[in-house]
């Protein structure tokens with residue numbers, strides 16, 4: 130039996146990274162230098178738009194979001210414990226199930242050019258595994274559009290909250306998650322650094338999962354657990370499978386201290402994620418990358434109890450990073466885009482979508498002159514392509 134002819138999708142008149150106009154050709158989910166002989170060609174007119182890689186959200190909490198829900202006024206809160214209590218109140222007040230809210234947000238992210246994300250879902254007695262199950266269901270509905278890694282995140286603490294450790298173990302055994310989370314083992318989690326890290330590392334090792342640990346603590350309370358995490362990562366042979374989110378203590382370093390910490394992380398192949406909250410909390414990602422540390426950019430919470438801001442648009446998050454750091458030069462603005470594209474891809478273990486033959490056919494078409502101007506002007510994502518297939522057009526999934 131003669132096999133059916135291959136299909137090639139030819140995106141005509143596009144400008145990769147703002148360069149000269151040409152064609153991008155996708156076959157079997159990859160970019161190729163030319164149309165294969167005998168292939169059936171599907172043609173898409175790019176209209177002279179820029180072609181840019183789609184982006185990766187390396188840190189997002191879709192289970193907490195109220196995005197798309199009626200406006201909720203926030204009340205004052207100080208410290209993680211008060212925010213956590215507000216999380217529970219908001220979750221109980223929202224009329225829409227977590228899976229529907231997560232799907233709404235994650236689908237919106239896809240229309241804005243997100244091809245993959247690492248999603249955190251709270252695991253605590255207040256919720257059970259409802260957050261994990263809801264986000265996993267949303268991810269399944271977006272299969273082929275957004276690749277999702279799912280973290281069982283103990284936002285309420287592992288040690289300080291009775292029953293949390295048992296729920297983490299249940300999540301680890303569920304087959305729904307790719308990572309186990311942790312949070313401030315020297316600070317918020319009742320000073321239980323050894324106990325928390327013992328628990329989460331044991332679960333990761335037993336079930337073959339990755340680790341993604343939130344570290345908000347600054348100074349030595351944040352650096353000491355970081356050194357412990359690096360030592361455990363090396364000892365257990367988990368290089369490349371451990372990430373630390375926020376790492377505000379690292380954001381406060383400079384000079385030799387920063388380089389020594391970066392070298393420690395690079396040797397253990399521990400990745401970091403940053404969310405561009407402010408100039409004092411965003412990680413020095415360019416210097417860290419120079420020392421061999423993988424750094425990704427994320428949305429964090431999107432219109433949740435912690436903050437009324439956010440829309441899961443990673444191009445806007447790159448803009449926020451540039452704004453927070455007061456970047457002005459083209460190459461500096463471009464570095465923020467690369468953080469959202471290549472940095473996130475490396476953190477999730479995905480191939481870079483660099484628009485060269487052999488790379489994934491994952492890109493978006495936008496109006497504009499050059500990459501730096503796109504970061505500043507945030508144009509509409511006219512077309513979003515995953516694995517050579519148009520998945521979103523003019524802000525809507527197709």
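Numbering (this note's numbering), first residue to last: 130 to 527. Glycine included, C-beta positions come from ideal geometry on N, C-alpha and C.
Pairwise C-alpha distance: residue j and residue i
i, j, result
"residue 397", "residue 364", "10 angstroms"
"residue 453", "residue 446", "10 angstroms"
"residue 267", "residue 235", "8 angstroms"
"residue 478", "residue 224", "36 angstroms"
"residue 381", "residue 340", "23 angstroms"
"residue 251", "residue 154", "41 angstroms"
"residue 423", "residue 173", "35 angstroms"
"residue 366", "residue 308", "16 angstroms"
"residue 368", "residue 280", "18 angstroms"
"residue 483", "residue 495", "16 angstroms"
"residue 238", "residue 200", "20 angstroms"
"residue 220", "residue 284", "14 angstroms"
"residue 295", "residue 274", "33 angstroms"
"residue 432", "residue 282", "18 angstroms"
"residue 306", "residue 500", "35 angstroms"
"residue 205", "residue 192", "21 angstroms"
"residue 328", "residue 315", "14 angstroms"
"residue 335", "residue 355", "22 angstroms"
"residue 466", "residue 515", "18 angstroms"
"residue 386", "residue 203", "38 angstroms"
"residue 214", "residue 269", "30 angstroms"
"residue 310", "residue 138", "40 angstroms"
"residue 319", "residue 357", "17 angstroms"
"residue 469", "residue 265", "23 angstroms"
"residue 226", "residue 218", "14 angstroms"
"residue 212", "residue 353", "24 angstroms"
"residue 493", "residue 512", "5 angstroms"
Check whether residue i and residue j have beta carbons under 7 angstroms apart
i, j, result
"residue 278", "residue 247", "yes"
"residue 415", "residue 464", "yes"
"residue 197", "residue 233", "yes"
"residue 377", "residue 347", "yes"
"residue 243", "residue 159", "no"
"residue 442", "residue 241", "yes"
"residue 102", "residue 344", "Nothing in the structure corresponds to residue 102, since the chain is present only between 130 and 527."
"residue 391", "residue 420", "yes"
"residue 161", "residue 170", "no"
"residue 393", "residue 359", "yes"
"residue 462", "residue 474", "no"
"residue 362", "residue 399", "yes"
"residue 190", "residue 430", "yes"
"residue 332", "residue 379", "no"
"residue 216", "residue 245", "no"
Exposure label - residue i; buried when at least 16 CB within 10 Å
i, result
"residue 304", "exposed"
"residue 448", "buried"
"residue 428", "buried"
"residue 292", "exposed"
"residue 524", "exposed"
"residue 458", "exposed"
"residue 503", "buried"
"residue 471", "buried"
"residue 143", "buried"
"residue 455", "exposed"
"residue 527", "exposed"
"residue 157", "exposed"
"residue 372", "buried"
"residue 167", "exposed"
"residue 521", "buried"
"residue 208", "exposed"
"residue 337", "exposed"
"residue 210", "exposed"
"residue 272", "exposed"
"residue 418", "buried"
"residue 222", "exposed"
beta-carbon residue i near the ligand PLP non-hydrogen atom, thresh 6 angstroms
i, result
"residue 498", "In the structure on display, the ligand PLP does not appear, and there are no ligands present to speak of."
### Message
For the pair the stretch 398-418 and the stretch 437-445, tell me if three or more CB-CB distances fall below 8 angstroms.
### Response
no
### Message
Taking contact to mean 3 or more Cβ pairs, one atom from each stretch, closer than 8 angstroms, check whether the stretch 253-266 and the stretch 290-308 are in contact.
### Response
yes
### Task
Starting from the N-terminal side, write out each stretch of the beta strand (DSSP E) that is 3 residues or longer and does not extend beyond the stretch 395-421.
399-403
### Query
Is the stretch 195-215 in contact with the stretch 483-490, if contact means three or more CB pairs nearer than 8 angstroms?
no
#### Entry: Stretch pair the stretch 275-291 + the stretch 321-331: three plus CB contacts closer than 8 angstroms
yes
### Query
In the stretch 198-232, which residue ranges form an unbroken alpha helix (DSSP H) of at least 4 residues, counting only runs that do not cross its ends?
208-222
### Query
Taking contact to mean at least 3 C-beta pairs separated by less than 8 angstroms, is the stretch 166-183 in contact with the stretch 499-510?
yes
### Task
Decide yes or no for the touch test of the stretch 180-192 against the stretch 134-151: beta carbon pairs closer than 8 angstroms, at least 3 of them.
yes
### Task
Tell me the start and end of each unbroken alpha helix (DSSP H) in the stretch 272-318 that is at least 4 residues and wholly inside, in chain order.
293-302
### Query
Which parts of the stretch 414-478 are runs of the alpha helix (DSSP H), unbroken and 4 residues or longer, counting only runs that do not cross its ends?
414-419, 443-453, 459-467, 473-477
### Message
Could you tell me which whole alpha helix (DSSP H) segments of length 4 or greater appear in the stretch 239-273?
### Response
259-270
### Contained beta strand (DSSP E) runs [length at least 3] in the stretch 342-387, N- to C-terminal order
371-375
### Message
Going residue by residue through the stretch 132-166, where are the continuous beta strand (DSSP E) segments of at least 3 residues, counting only ones entirely within it?
### Response
136-145, 151-156, 159-161
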